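Residue numbers (UniProt numbering): 1 to 239.
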């Protein structure tokens, strides 16, 4: 038996059909037959319209739902916890599950005690809770990378350079402005591991530990319609 495919309607289509139903003067049965809409669906839209959920929503009209579906978080302070996580990463500090648990201990001690009392292994339960919450909030485990400057500082330097540059060259034609970027091209990478007999020496007769490198200069024009790419216009080798 072939299953019937369920029709989806966007928020904009729901509003339009409800307005047409109101102006048509037809009964709900006749309007649903003419437009191929189940009556239960029409009444569900009407209830949302009466509760102002459908009219007051700020969601995109191309979406099909009003949002809020799915399982609710068991953490009653999930907004505060997410804000804490984003603040930690905004300052480029390390964020772990233990830091999230420490936040709970400091600000929501009563809830934490109630949650862990019924758990056979409180530590593992809290760890899984934090890991699942982080994944649902679009966080993932990453290998730390170190930078000499914080991201906010780099953004400030970029904005200052942009303002200085355009104040100086804003009267020049865009076709005369080229953006040049040096890109490293590595080759002859030495192997990280190799085969050697067990119990024998791992020494080699080549002391090279780094690859050779070419530096390619890539330039492009400011005007998108007249994009100019001159890759490898200037190369030099470095050891």
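Heads up, the beta-carbon is just placed ideally off N, CA and C, and yes, glycines get one too. From a predicted model like this one, the values you see are computed outputs, not experimental measurements.
- Taking a cut-off of 8 Å on C-beta distances, the segment 126-133 touches the segment 99-116, as three or more cross pairs fall below it.
- 104 is the residue among 104, 58 and 87 whose C-alpha sits nearest the C-alpha of residue 77.
- With fewer than 16 other beta carbons inside 10 angstroms of its own, residue 137 counts as exposed.
- Annotation for residue 221: no alpha helix (DSSP H) segment contains it, though the beta strand (DSSP E) segment containing it runs 212-221.
- In the DSSP assignment, residue 93 falls outside any alpha helix (DSSP H), carrying neither H nor E.
- Linking residue 14 to residue 38 through their CA atoms gives a straight-line distance of about 13 Å.
- Apart from sequence neighbours up to five positions away, the residues of its chain that approach residue 116 with a beta-carbon distance below 6 Å are 122, ordered along the chain.
- The three-state reading of DSSP puts residue 116 in helix, counting H, G and I together.
- Here the C-alpha atom of residue 60 lies approximately 28 Å from the C-alpha atom of residue 33.
- Take residue 185, set aside five residues on each side of it, and the residues of its chain with a beta-carbon closer than 6 Å to its own are 214 and 216, in chain order.
- Your pair residue 35 and residue 17 checks out as a contact, with CB atoms roughly 7 Å apart and the cut at 8 Å.
- Membership of residue 131 in the alpha helix (DSSP H) is indicated by the continuous run 122-136.
- Looking at the backbone, the Cα of residue 180 and that of residue 220 are separated by about 7 Å.
- Residue 180 carries a strand assignment under DSSP once its states are collapsed to helix, strand and coil.
- Taking the CA atoms as reference points, residue 10 sits about 40 Å from residue 108.
- Per the DSSP secondary-structure output, residue 185 pairs in a beta bridge with 214.
- When the Cα atoms are used, residue 140 and residue 134 turn out to be separated by approximately 7 Å.
- Nearest C-alpha to residue 49 among 26, 22 and 113: 22.
- Residue state for residue 12 is assigned as helix, using DSSP reduced to three classes.
- A straight-line Cα-Cα distance of about 14 Å links residue 24 and residue 42.
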